[in-house]
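Here's the structure we're looking at; comments come further down.
Numbering (our numbering), first residue to last: 1 to 186.
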């Protein structure tokens, strides 16, 4: 069991649609890399972003999130995230996790070296949907994030046995999400 290699990722994606669309090679020339790597898969960020507005009032409340706190921006090229600001995005890839696999997503080093931190929670067994990606610009300068290019690497960990209750079994609140999904508490 353990960490899954490129051959397994490719087989699961081509035969079971674990990652779609799937790029079976790593694309890197002139772009922030994406696609299949030795022990992971680099997902791409889409063209839709939700940027937190600069406001004097309001509270970010995960139990009662106010959608008016964010503005939606569409781009085919890049978004500029203001200094010390935060944005949400989504993966181009749609993910369908097997019942005996958990995935961990880590920001790409190219962005991390620029002070751009990418956070994504683990992909639980039998989760299905686009990945909502959290992006923080920790610098005192505006920062670019490029649409349709790599944003984070996903590593797949297979358990020793199948879990008793998967994300799908417990009807997870983000199951089947399309595009960017804002926080919600059922």
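We put the CB at the ideal spot given by N, CA and C, even for glycine.
Note that the coordinates shown come from a computational prediction; the quantities given were computed from them, not determined experimentally.
query: Classification of residue 18 by the beta-carbon crowding that lies within 10 angstroms, buried from 16 upward; result: buried
query: Which of helix, strand or coil DSSP assigns to residue 146; result: strand
query: Local conformation of residue 42 per DSSP, three classes; result: strand
query: Buried versus exposed call for residue 1 [16 or more other C-beta atoms within 10 Å across all chains shown]; result: exposed
query: Cβ-based neighbour list, residue 160, same chain, cut-off 7 Å, excluding 5 preceding and 5 following; result: 1
query: Assumed close pair residue 158, residue 37 - CB separation to whole angstroms, cut-off 8 Å; result: About 17 Å; that fails the 8 Å criterion.
query: Helix, strand or coil at residue 10 [DSSP, three-state]; result: helix
query: Cβ-Cβ distance between residue 91 and residue 131 below 7 Å; result: yes
query: Within the segment 15–71, ranges of the beta strand (DSSP E) (whole runs, at least 3 residues); result: 35–37 and 40–52
query: Proximity of residue 40 and residue 145 at Cβ, strictly below 7 Å; result: no
query: Cross-strand partners of residue 187 (DSSP beta bridge); result: Nothing can be reported for residue 187: it is not among the residues displayed for the chain, which extend from 1 to 186.
query: Option nearest residue 197 by Cα separation, candidates 165, 67 and 62; result: Lying before the first or after the last residue shown, residue 197 is absent from the chain, which here runs from 1 to 186.
query: Buried versus exposed, by CB contacts within 10 Å (16 or more), residue 13; result: buried
query: Limits of the unbroken beta strand (DSSP E) element including residue 103; result: 101–107
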